[in-house]
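>
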Amino acid sequence: MATVNLSMSSDTTASLASQPYDTEASAEQPWVNTKCESSPLINVIQYLNNDTPYEIRLRSLHDSDIEIRSVDGFVFQLHRGVLGVASGAFPGCEMDTGGEVVQLTEPADVLGILFAFLYPKAHPDLHGESFLTVAAVAEAAGKYEVFSAVAICNERLVMISATLPHFARAPLLSVMEKLPQSYMLPWARYHEAWRSLFKDLTLYVRKLRLTSVRCHSSFGHSASDQICEICVASTKIVITHIEEMDTLASLHDALRLPNTKYLKPLLTCCRHQSGHHYDSMGCEKPTCPFVDDITALCLSKMETIPSFASFLGLKL
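Mapped onto UniProt numbering, the consecutive letters of the sequence shown carry residue numbers 1 to 316.
(1) Considering only residues of the region 128 to 166, which uninterrupted alpha helix (DSSP H) runs meet the minimum length of 4 residues and lie entirely inside it, listed in chain order?
(2) Spell out the partners DSSP gives Thr211 in its beta bridges.
(3) Are the Cβ atoms of Ile242 and Cys298 separated by less than 8 Å?
(4) Expressed to the nearest angstrom, what Euclidean distance is found between the alpha-carbon atoms of Glu106 and Ala140?
(5) Return the Cβ separation of Trp187 and Val205 in integer angstroms, given the expectation that the two are a contact with Cβ distance under 8 Å.
(6) Find out if the Cβ-Cβ distance for the pair Val75, Val101 is shorter than 8 Å.
(7) Specify, as a first and last residue, the run of the beta strand (DSSP E) that Ile66 falls within.
(8) Quick check on the burial criterion: 16 or more other C-beta atoms within 10 angstroms. Buried or exposed for Met281?
(9) Are Ser212 and Val291 closer than 8 Å when you measure CB to CB?
(10) Under 8 Å by Cβ, that's how I've got Val146 and Leu104 pegged, so tell me the actual separation to the nearest angstrom.
(11) Do you know offhand how far Gly252's Cα is from Ser182's?
(12) Taking the alpha carbon of Ala309 as the point to measure from, which residue in Pro124, Val71, Leu173, His191 has its own alpha carbon closest?
(13) Output the boundary residues of the alpha helix (DSSP H) element that contains Thr295.
(14) For the alpha helix (DSSP H) that contains Ala108, what are its first and last residues?
(15) Considering only C-alpha positions, which residue in the set Leu118, Thr202, Ser148 is nearest to Val238?
(16) As a quick exercise: from Leu179, Ala122, Trp194, pick the residue whose alpha carbon is nearest that of Ile305.
(17) Return the CA-CA distance between Thr240 and Lys199, expressed in angstroms with no decimal places.
(18) From the DSSP output, in three-state form, read off Gln236 for me.
(19) How big is the Cα-Cα spacing for Val71 and Ala108?
(20) For Gly128, which residues in the same chain have their Cβ closer than 8 Å to its Cβ, ignoring the five residues on either side in sequence?
(21) Quick one: measure Cβ to Cβ for Val137 and Val158, integer angstroms, because I've assumed they're closer than 8 Å.
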């Protein structure tokens, strides 16, 4: 079972009894404007603003008997009895901290959400929180055995993961630096799955036989057809463009309707080089058949990539 490291801060923090409390802090908001020793006050009580019935109001702020400091310097004034009952790792009433501050390694915005799950009131639903924030809260909840937070975090991660494919194409290191440690390996695997998809598209083009003449004289081609340099250049531009798209919605639109605003400005084909973009019936010619093949291949491979929630082992 995980336990909190009770090594105290090295500075000379005064005892709880000697510290003045903000008279505007309510029982539902036990750490409003209390202390912030190294950084500006962080709004960590956004989930604790709703009133609760009188019978479940928390003990007075003056009864707070433990201080916990975040890694960025915010000091939470809490209750050991609540921590001991609602978590498996925080010190309970049986363990005396001697009035010293308990130092944790998580930032205040993460701890503020986590501590909101400990007290007897409506828990945060985490709607509107970013993936990185929810992931950090989920890891902290597992670390400190706040099981009431674990289920909600997992539920939100499952929902958020549906929007992540475009995020997976961001530079790997820039994302890894912000992720909790337990999420790094799953994210690396998820990131690689998307990178492999676009590598496969490029490999498909490389395997086509190159011809020095135009490869299209009609509206179709067989799998054994050769590809000319004009169409090779077009396919490479399209692959690069769809890989850089920043939303899943625009990616789907571009793949399903490549002859629209998403890809149309990029599309060239050897049969268009003569300036004839319309057929004998006056209809606009379709996209390059090789581009059609690439978009269809991309869509089919996207369906095989598991969600990030699956890489985390969460049930969908």
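The beta carbon of each residue, even a glycine, is placed where N, CA and C say it ideally should be. Computed from a predicted model, the values in this text were never measured in an experiment.
With the structure as the only source:
(1) List check, alpha helix (DSSP H) in window: 131 to 143, 147 to 161.
(2) Looking up residue 211 in the sequence shown gives position 211. Note: Thr211 sits in a beta bridge opposite Cys228.
(3) Numbered from 1 along the sequence shown, position 242 holds the residue referred to as residue 242. Numbered from 1 along the sequence shown, position 298 holds the residue referred to as residue 298. Yes, these two residues count as a Cβ contact at 8 Å.
(4) By one-based count along the sequence shown, residue 106 stands at place 106. By one-based count along the sequence shown, residue 140 stands at place 140. Computed Cα separation, rounded: 8 Å.
(5) Along the sequence shown, read from residue 1 onward, the residue named residue 187 stands at position 187. Along the sequence shown, read from residue 1 onward, the residue named residue 205 stands at position 205. With 8 Å as the limit, Trp187 and Val205 do not qualify as a contact, their Cβ atoms being about 28 Å apart.
(6) Your numbering for residue 75 matches position 75 in the sequence shown. Your numbering for residue 101 matches position 101 in the sequence shown. Cβ atoms of Val75 and Val101: closer than 8 Å.
(7) As a first step, residue 66 must be located in the sequence shown, where it is residue number 66. Residues 66 to 69.
(8) Along the sequence shown, read from residue 1 onward, the residue named residue 281 stands at position 281. The predicted model places Met281 with a pLDDT of 44, which falls under 50 and marks its position as unreliable; any figure quoted below should be read in that light. It is exposed - the Cβ of Met281 has fewer than 16 other Cβ atoms within 10 Å.
(9) Reading the sequence shown from its first residue, position 212 is the one you call residue 212. Reading the sequence shown from its first residue, position 291 is the one you call residue 291. Contact: no.
(10) As a position in the sequence shown, residue 146 is number 146, starting the count at 1. As a position in the sequence shown, residue 104 is number 104, starting the count at 1. No, Val146 and Leu104 are not in contact; Cβ-Cβ is about 13 Å, not under 8 Å.
(11) Working through the sequence shown from its first residue, we reach residue 252 at position 252. Working through the sequence shown from its first residue, we reach residue 182 at position 182. Looking at the sequence itself, residue 252 is His, so the reference to Gly does not match. Cα to Cα, His252 sits roughly 31 Å from Ser182.
(12) Position 309 of the sequence shown holds residue 309. Distances from the CA of Ala309 to each of Pro124, Val71, Leu173, His191 were compared; the closest alpha carbon is that of His191.
(13) On the sequence shown, position 295 is the one that residue 295 refers to. 289 to 302 is the span of the alpha helix (DSSP H), which, as asked, contains Thr295.
(14) For the purposes of this step, residue 108 is taken as the residue at position 108 of the sequence shown. 108 to 116 is the span of the alpha helix (DSSP H), which, as asked, contains Ala108.
(15) As a working note, residue 238 is residue 238 in the sequence shown. Among Leu118, Thr202, Ser148, the Cα nearest to that of Val238 is on Thr202.
(16) By 1-based counting over the sequence shown, the position of residue 305 is 305. Considering only alpha carbons, the answer is Trp194.
(17) As a working mapping, residue 240 is identified with position 240 in the sequence shown. As a working mapping, residue 199 is identified with position 199 in the sequence shown. Their backbone Cα atoms lie some 10 Å apart in a straight line.
(18) As a position in the sequence shown, residue 236 is number 236, starting the count at 1. The identity of residue 236 in the sequence shown is Lys, whereas the question assumes Gln. Residue state, collapsed to three classes: helix.
(19) Working through the sequence shown from its first residue, we reach residue 71 at position 71. Working through the sequence shown from its first residue, we reach residue 108 at position 108. Those two C-alpha atoms are separated by around 7 Å.
(20) Counting from one through the sequence shown, the residue named residue 128 turns up at place 128. Answer for Gly128: no residue qualifies.
(21) Taking the first residue of the sequence shown as 1, we reach residue 137 at position 137. Taking the first residue of the sequence shown as 1, we reach residue 158 at position 158. Going by Cβ atoms, the distance from Val137 to Val158 rounds to 15 Å, so no, they are not a contact pair.
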